[in-house]
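Chains A and B supply the protein sequences, listed in that same order.
Residues in the first sequence are numbered from 0 upward in steps of one, following numbering that gives the first Met the number 0.
Residues in the second sequence are numbered from 0 upward in steps of one, following numbering that gives the first Met the number 0.
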Amino acid sequence: MTVNTTGPGSRFKAVIGGHMATLGRAIMGLCLAGSMALVPVGSVMAQDFPGRGIEFVAGYGPGGGHDTLLRSMAKVIQSEGISDAAINVVNKPGGSSSVAMGYLNSHRGDAHYLMAATSSFITTPLMSNIGLDYSDFTPIARLGIDPELLVVNASGPYQSLEDIANAEKTLNVGGTGTGSIEQIVAVQLGEAMGKTFNYIPFQGDGNVTSALLSGQVDFVITNPGPVKDFIASKRFAALGISTGERVDLFPDVPTFKENNYDIELSLFRGVVAAGDINEEGKDYLVSMVKKLSQSPEWKTSYMEPNSVVPDFLGPEDFENYLEKMNGVYKKSLTDLGIIKQ
Amino acid sequence: MLDTLASLGGGFSDILNPQNLLLIFVAGLIGTVVGALPGLGPSAGIALMMPLTFGMSQTAGLCLLTGVYLGTMYGGRITAILINTPGDAPAIITALEGYPLMRQGRGGLALGVSALSSFIGGTIGLAVLVFFAPVVAEYAIFLGPSEYFLLMVIGLSTIVLLAGDNIFKAVIATLFGVLVSTFGSDYISGYVRFGFTPELIEGIDFVAIIIGLYGLGEVFFNLEKRIVLNLGRPEFRFSDYFPDRGSLKTSFWPVMRGGVLGTSVGILPGAGATVATFLSYALERKLSRRPEKFGDGAIEGLAGPESSNNAGVPGSLIPLITLGIPGSGGTAIMLGALIMFGMQPGPLLMIQSGDVVWAMIAGLIVGNVFLLASNVLLIPVFINALRLIQNHLSSIVLGLCVVGAFSLNYDIFNIWIVLVFGAVGYLMKKNDYPTGPFILAVVLAPLTENYFRQTIMQAQGSWDVFVTRPVSLGLLIFLVLIVAASIAKKVVAKRRGDTTP
């Protein structure tokens, strides 16, 4: 935990000044002492991995995406007998998963920890000063992707990508948050169509769905999960998907590429381990996750209910993918003015 | 209507067996205890119970989880009244009026009135859930950022009522609240404000602020004053804890108004429940014949907001059940639970798994009755437990605050936040700065800001939306009227003051 302990302290002082600075420094000091005490003196790796239980680290609280992924993994790994190691899911919420990243980094070299990694694994380091990034960790596998759909209200005036490209007014687009993959897709689509969209960030999928239901936005860019029932009940219509090929979940929805808009960008769901782990531990984790992803139970209990498109990548491919995604996010976030060079 | 009753009857026949009834009862008790601990709320309660439901049938599992959810809503008021430590934003008013009653030796009455108000508010909310869920859901989604913005402004306008005597101090407290609320990442611009340490990227945890401000602040203040709670002599007679005819009469209409306000405003996602409690408080104070009693243990000021708080619970389930849209932290966890039970929350839920949903609603109705009974019967236990620990109360409250802060994120960072706001709370109380405006600003300022920006972005720069959307216009007129009325009142009062030397 060498997370800029001097930096924040001095800035704290600059803002609050005077008496509070002493208190601030005392608090920082105590925090530091506390966290040092928690770091193990030396981790001894047992000969046969795993020497003890494996800890699954979720960067968000119970009920969040990371938590659901890891708890489902733990359940299937145990019920299918993929590993007999005891698995314990631990929530380390806070700081858009930076707390969990700091926690995992404090166990550098120890393969008994596996952390869920989604887009925040790339964007949080880019947008803040936590002093860590994706390259500090060992990629294990990408389990699947969450494609982005372009969805309209079925009773609205725009019923095809062509309608949207030919719209006369500036269209309102809804998505979750700023600098999110939804916004990046909206911006790329606008560029490909030669149009500017008015992107409106909402907090959470629920608000995006509400906004489209009541016609406050003209279309939304979203993951399948929150809208698939609305599509099935014909209140919404999906006009395009951001994958390379059509997906089984929505066989009738054309890809953006089919319409000559060169956009292939999805959210990923993967797992990473701490940095500098030995080969034995890494091989064990990789084979465990790979067996998991091939089990039918995993498909029916996690992938299908959560509308995740299976697209497994092993450690090397996942590493290259993360590097590519880091580049995409860095460029887009810089273009959007969210991060400075 | 008949269909609805038949479906509800089906739901009851699913759950009315000894095993499920026992499950709901136990779940309610567990929920009450979890909710009573500062820092642990519905999210933590449901998450803790989730593993237990794995071997159960869908109906039994959902009964357990909704029982815990409802129980935490009852439990939140207990610590607010007994030790001035509200566990969530809607319980702040409960602490504001309930704790003074406690110090006057009428804690049992406060607990009784609030339990009964919670029950009635919850029942009103459940009735709306049963009969009007689909209609209400469509109305709720029709409201956009412009309506939400105006609603938040109306909520903020109640600051004047919470301000106390010195308006200048109230303004300072409000602005300090706005400052505190700006910490963390702003999802509209994408910037992180004041992110000195990684833990601050998501902002300062609101629950840590109220635990510090009220719980720890009160401990610090009492250490100096050596206040001894007036707990009266040991009493075990039931009649002392059940509200007498007089208090029932005083609280009847506030509870009814609170219930209606809670279901209509509390349903709205986000800060709906909080705004509803503050509005109910403001309303009761305006209507009261003795407004000067407010802040010093007014029964109607306790009953109305408590009723509107619990009316919002079934209300927040409406968008979840009918549209699959969670409106609060607790319902977000329920959404996860529904998925884990193999159901598909969304517009098709009632068609695909209607029987399970009706069983869950029946479970809520039964749970509400059980919770009223157990909460009233438990009052002597709470009061006498407090009597036993009275001499060590400060240390125990301190311990609860620290454990509560730790349990928010399972790390020590929030303990420091609680400590800092404990000092802030102590200083504010010592120097007569009102905490109400501060806390209201912390909750509502970021929402107001973001809804405003969304409104203008959505209208692509135009301000017309506030008057062209009918509901917005209505809210705007209402806002102008209450401001004009309060100014007119001041002017009239001043003229009278001038003429009579």
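The C-beta atom is built at its ideal place from N, Cα and C for all residues, glycine as well.
Would you mind sorting Ser134/A into buried or exposed? The rule is 16 or more other CB atoms within 10 Å of its CB.
So Ser134/A counts as exposed.
Grouping DSSP H, G and I as helix and E and B as strand, with all else coil, what is Thr208/A?
In this structure, Thr208/A counts as helix in the three-state DSSP scheme.
Rounded to the nearest angstrom, what separates Trp357/B and Ala90/B at their Cα positions?
Roughly 29 Å between the two C-alpha positions.
Who are the neighbours of Phe229/A on chain B, taking C-beta pairs under 8 Å?
Within 8 Å Cβ-Cβ: Gly345 and Pro346.
Output needed in chain order: residues of the segment 156-178 of chain B with a Cβ under 7 Å from some Cβ in chain A.
Cβ contacts with chain A come from no residue of the segment 156-178 of chain B.
Please report the residue range of the beta strand (DSSP E) in which Gly174/A lies.
Asn171 to Thr175 is the extent of the beta strand (DSSP E) around Gly174/A.
Of all the CB atoms in chain A, is at least one closer than 8 Å to the CB of Met349/B?
With 8 Å as the cut-off, Met349/B does not count as an interface residue toward chain A.
Quick one: any contact between the segment 79-98 of chain A and the segment 59-70 of chain A, if contact means 3 or more CB pairs under 8 Å?
Verdict: yes, contact present.
For Gln202/A, which option in Phe167/B, Pro325/B, Leu472/B and Leu150/B has the closest C-alpha, if you only look at C-alpha atoms?
Nearest option by C-alpha distance: Pro325/B.
Which residue's Cα is closest to the Cα of Gly193/A: Ile163/A, Asn171/A and Gln182/A?
Gly193/A has its Cα closest to that of Ile163/A, out of Ile163/A, Asn171/A and Gln182/A.
Is it the case that the Cβ atoms of Asp174/A and Val219/A are separated by a distance below 8 Å?
It is Gly, not Asp, that sits at residue 174/A in the sequence shown. Yes.
State the beta-bridge partners of Thr221/A as determined by DSSP.
BP columns for Thr221/A point to Leu148/A.
Whose CA, out of Glu299/B, Gly345/B, Phe182/B and Lys292/B, lies closest to the CA of Ile579/B?
An answer regarding residue 579/B cannot be provided, because it is not within the stretch 0 to 500 covered by chain B.
With which residues is Pro309/A paired in a DSSP beta bridge?
Its beta-bridge partners are Gly143/A.
Taking the alpha-carbon of Phe267/A as reference, which of Pro225/A, Thr254/A, Phe255/A and Asn325/A has the nearest alpha-carbon?
It is Asn325/A whose Cα lies nearest to the Cα of Phe267/A.
Going by CA-CA distance only, name the one from Arg289/B, Pro290/B, Thr249/B and Glu198/B that's closest to Ile414/B.
Of the listed residues, the one whose Cα sits closest to Ile414/B is Glu198/B.
State the CB to CB distance for the pair Gly130/A and Val308/A, rounded to an integer number of angstroms; the pair is presumed to be in contact (CB under 8 Å).
Actually they do not touch by this definition, with Cβ atoms about 33 Å apart.
Going along the chain, which residues of the segment 122-154 of chain A sit with their C-beta nearer than 8 Å to a C-beta in chain B?
The segment 122-154 of chain A vs chain B, Cβ under 8 Å: Thr123, Met126, Ser127, Asn128 and Ile129.
Counting only Cβ pairs nearer than 7 Å, list the residues of chain A close to Gln453/B.
Simply Ile199.
Do Thr78/B and Pro37/B have their CB atoms nearer than 8 Å?
In contact: Thr78/B and Pro37/B (Cβ atoms closer than 8 Å).
Would you check if there are 3 or more beta carbon pairs closer than 8 Å linking the segment 264-283 of chain B to the segment 299-310 of chain B?
The answer is yes - the segment 299-310 of chain B touches the segment 264-283 of chain B, with three or more Cβ pairs under 8 Å.
Do Ile266/B and Val135/B have their CB atoms nearer than 8 Å?
Result yes, Cβ atoms of Ile266/B and Val135/B sit closer than 8 Å.
Beta-carbon separation of Tyr112/A and Ala272/A under 8 Å?
Yes, the pair counts as a contact, with Cβ atoms nearer than the cut-off.
Let me see if you follow: with CB-CB separation under 8 Å, is Gln18/B close to chain A or not?
It does not; no Cβ of chain A falls within 8 Å.
Can we say the segment 172-190 of chain A touches the segment 211-226 of chain A, given the rule of at least three CB pairs closer than 8 Å?
The answer is yes - the segment 211-226 of chain A touches the segment 172-190 of chain A, with three or more Cβ pairs under 8 Å.
Check the Cβ-Cβ distances between Ile337/A and every residue of chain B, and say whether any is below 8 Å.
Yes, because at least one Cβ of chain B sits closer than 8 Å to the Cβ of Ile337/A.
For the alpha helix (DSSP H) containing Glu223/B, list its first residue and its last residue.
Taken as a continuous stretch (DSSP letters only), the alpha helix (DSSP H) holding Glu223/B covers Gly216 to Lys224.
So what's Thr330/B in DSSP terms, helix, strand or just coil?
Of the three classes helix, strand and coil, the one that applies to Thr330/B here is helix, per DSSP.
Please confirm whether Arg268/A has its beta-carbon closer than 8 Å to some beta-carbon of chain B.
It does not; no Cβ of chain B falls within 8 Å.
Could you give the distance in angstroms between the alpha-carbon of Thr208/A and the alpha-carbon of Ile92/B?
Going from the Cα of Thr208/A to the Cα of Ile92/B covers about 33 Å.
Return yes when the Cβ of Val206/B is within less than 8 Å of the Cβ of Leu397/B, no when it is not.
In this structure, Val206/B does not lie closer than 8 Å to Leu397/B by Cβ.
Looking at the unbroken alpha helix (DSSP H) that takes in Met349/B, where does it start and where does it end?
Looking at the DSSP string, the run of the alpha helix (DSSP H) that includes Met349/B is Leu348 to Leu387.
Pick out whichever of Gly27/B, Thr321/B and Ile171/B has its Cα sitting closest to the Cα of Gln351/B.
Selected option, being the one with the closest Cα: Thr321/B.
Asn325/A by DSSP, collapsed to three states: which one?
Note: Asn325/A maps to helix in three-state DSSP.
Beta-carbon within less than 8 Å of Ala153/A's beta-carbon, same chain only, minus the 5 sequence neighbours each way: which residues are those?
So the list reads Lys233, Arg234, Phe235 and Ala236, once near-sequence residues are dropped.
On the three-state DSSP scale, how would you describe Gly269/A?
Residue state, collapsed to three classes: strand.
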